[in-house]
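In full-length UniProt numbering, the protein residues as written are 1 to 560.
C-beta atoms are modelled at their ideal positions from N, C-alpha and C, and glycine is treated no differently.
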């Protein structure tokens, strides 16, 4: 039977450990790894508010930092190979070893014995960072003989928890204990955690009464029950997610954190920069598909976020010039790019549809703890994806920009896509690792269809870049991803849209300039259409300055 419980970790960094190194390691490497385990339901960092004096005088017995991880089964920590490997050189990076060598760590595992909640209780992991700010945790640790366990449980049930629940701002109280084996087992440690909305209630008469009546005094270190008693007060500092997102530490001065860092498997990387730090990692969707992403821009965790969604057959580098242009004049934004299902071979077992692709954006936002995006921008398949996301999940999207796309695709599209798949299959191209890829024949045909002809004569480097991106696409991924473009229709949903949008199209992208004018008319409330001159299917690639100008104007109009 599973035993719910808690991993409780206190930390005291050495005074000479740079804060940026400490936080970058913990927030972007150590914590997210644990949140990817199915039995770790959440993770939080707290900072002590009961310490006096400068940091250099704080002793190891009163550590400044606390981390909590709720577990559905504490026994997994001693038997799960995935968790055990995190404590070995297989997963531990040199950065982790070097950092932990400068930290005094105390780690405890406790089973959950009792829980009380207020009617207003909302789990902390379901609250935004803005809402979590100021939340207070009171931790009481009592060490006693096993023979006094019943006395302590009675005190908790009959006196302590009921009195604390009367304190203003009280949200939850939980009782944990270490696991004792047999009647002759040694001392048991009780851990009591009280959660409050703010520290104000700790100065109230109700709180002082709960801490000072006679039975409570019997649990102090000098009492006849407790062998030791530790009472600590902490304030919320950070909520972990299963994906690293903390850019602030990466903006620190040179030398306080690594300029470049990579996990041992190469799946997570960071690069520090004063104004444009970068995190590359992945999120895992509910159907177990890994979606790689790139997060960059402002180090402010509350900075507005723009999500960029790709067309089929490309990666996130198609947005490079736009991102450079945009962040150069809008450094207060964060930008999230990702690889759409179908870029890589791993696509999951579900049919790929525009609804599934919309859910992938939500999975990214959830893992990165973004309540609502400032803007979604997508092109072609990405264009209908961001449009559809705004229609299906309006509470998560402030606005969207759909580029060079359609609001519907007939079933007859399937033949055209099957012909393109057949062309790629006929070439039998493979990557350096022998994986079947799309290859150069379809890549050239596709790129010539996308770009205006002048780019092949005036800017051949650009055309070659796009061809290489297309050619490297997984063939298996292309087969699966193309199905999303074969039959869909969001026009009925558009008639009841509530999220404002903008439609952008290259002037030379076939009939799409006319088609997208109709899309703008079909969107409830109406929308503008912006036409980018001398551009085809990828205006952000062909005319990045003009495209960025359109986005800047739209963003200013939104007041972001």
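By Cβ distance, which residues of its chain are closer than 6 Å to residue i, with the 5 residues on each side in sequence left out?
i	result
residue 262	269
residue 214	With a pLDDT of 49 at residue 214, under the threshold of 50, the modelled position of that residue is not reliable, and no figure is offered here.
residue 286	none
residue 191	110, 141, 176
residue 560	304, 374
residue 277	247, 250, 251
For the candidate residues the options, whose alpha-carbon lies nearest to that of residue i?
i	options	result
residue 95	173, 449, 62, 256	256
residue 206	162, 237, 239, 402	162
residue 440	459, 420, 433	420
residue 107	277, 427, 69, 437	69
residue 28	555, 426, 482, 239	239
residue 480	312, 338, 199, 192	312
residue 20	260, 322, 253	253
residue 131	38, 356, 498, 237	237
residue 3	152, 176, 282	176
residue 464	476, 443, 482	443
residue 372	302, 102, 111	302
residue 52	478, 282, 64, 43	64
residue 469	483, 452, 447	447
residue 61	158, 192, 228	228
residue 282	528, 460, 360	360
residue 12	1, 39, 38, 45	45
residue 113	212, 153, 383	153
residue 477	335, 232, 149, 314	314
residue 512	542, 457, 402, 482	402
residue 396	150, 370, 25, 456	370
residue 433	445, 472, 418, 498	472
residue 547	26, 379, 437, 232	379
residue 242	39, 502, 554, 1	39
residue 449	501, 510, 497, 426	510
So residue i and residue j are in contact, right, with Cβ under 8 Å, and what is the actual spacing, rounded?
i	j	result
residue 344	residue 474	5 Å
residue 47	residue 293	Not a contact, Cβ separation roughly 28 Å.
residue 405	residue 331	That belief does not hold up - the Cβ atoms of residue 405 and residue 331 are roughly 29 Å apart, past 8 Å.
residue 72	residue 41	6 Å
residue 352	residue 341	5 Å
residue 328	residue 558	Actually they are not in contact, since the Cβ atoms of residue 328 and residue 558 sit about 19 Å apart, beyond 8 Å.
residue 5	residue 74	4 Å
residue 374	residue 306	6 Å
residue 381	residue 484	6 Å
residue 22	residue 99	7 Å
residue 451	residue 536	5 Å
residue 393	residue 362	6 Å
Go ahead and label residue i buried or exposed: buried means 16 or more other beta carbons lie within 10 angstroms of its beta carbon, across all protein chains shown.
i	result
residue 55	Any answer about residue 55 is weak, because its pLDDT of 44 lies below 50 and its placement is not dependable; what the coordinates show is given next. Classification for residue 55: exposed.
residue 57	With a pLDDT of 41 at residue 57, under the threshold of 50, the modelled position of that residue is not reliable, and no figure is offered here.
residue 415	exposed
residue 544	buried
residue 266	exposed
residue 516	buried
residue 120	exposed
residue 210	buried
residue 454	exposed
residue 93	buried
residue 173	buried
residue 14	exposed
residue 76	buried
residue 8	buried
residue 411	exposed
residue 101	exposed
residue 496	exposed
residue 358	buried
Apart from the five residues just before and just after residue i, which ones in its own chain have a Cβ nearer than 8 Å to its Cβ?
i	result
residue 408	488, 489, 490, 491
residue 494	387, 391, 407, 519, 522, 523, 524
residue 183	Low confidence applies to residue 183: its pLDDT is 48, below 50, so where it sits in the model is not reliable, and the reading given next is rough at best. Result list for residue 183: 146, in chain order.
residue 288	348
residue 552	326, 329, 330
residue 156	114, 175, 190, 192
By Cβ distance, which residues of its chain are closer than 7 Å to residue i, with the 5 residues on each side in sequence left out?
i	result
residue 166	206
residue 435	345, 474
residue 639	Residue 639 lies beyond the stretch modelled for the chain, which goes from 1 to 560, so this question has no answer here.
residue 59	With a pLDDT of 47 at residue 59, under the threshold of 50, the modelled position of that residue is not reliable, and no figure is offered here.
residue 565	An answer regarding residue 565 cannot be provided, because it is not within the stretch 1 to 560 covered by the chain.
residue 232	48, 50, 139
Are the C-beta of residue i and some C-beta of chain C separated by less than 8 Å?
i	result
residue 544	Given the protein chain composition of this structure (a single chain), no chain C is represented.
> Between the segment 292-305 and the segment 243-256, do at least 3 Cβ pairs fall closer than 8 Å?
Replying inline: yes
> Is it true that the segment 14-34 meets the segment 140-152, where meeting means three or more beta-carbon pairs spaced less than 8 Å apart?
Replying inline: no
> How do the segment 522-541 and the segment 502-509 stand: do at least 3 beta-carbon pairs fall below 8 Å, yes or no?
Replying inline: yes
> Is the segment 196-212 close to the segment 167-181, with three or more CB pairs under 8 Å?
Replying inline: yes
>> For the segment 122-139 against the segment 85-92, do three or more pairs of beta-carbon atoms, one drawn from each stretch, fall closer than 8 Å, so that the two count as touching?
In response: no
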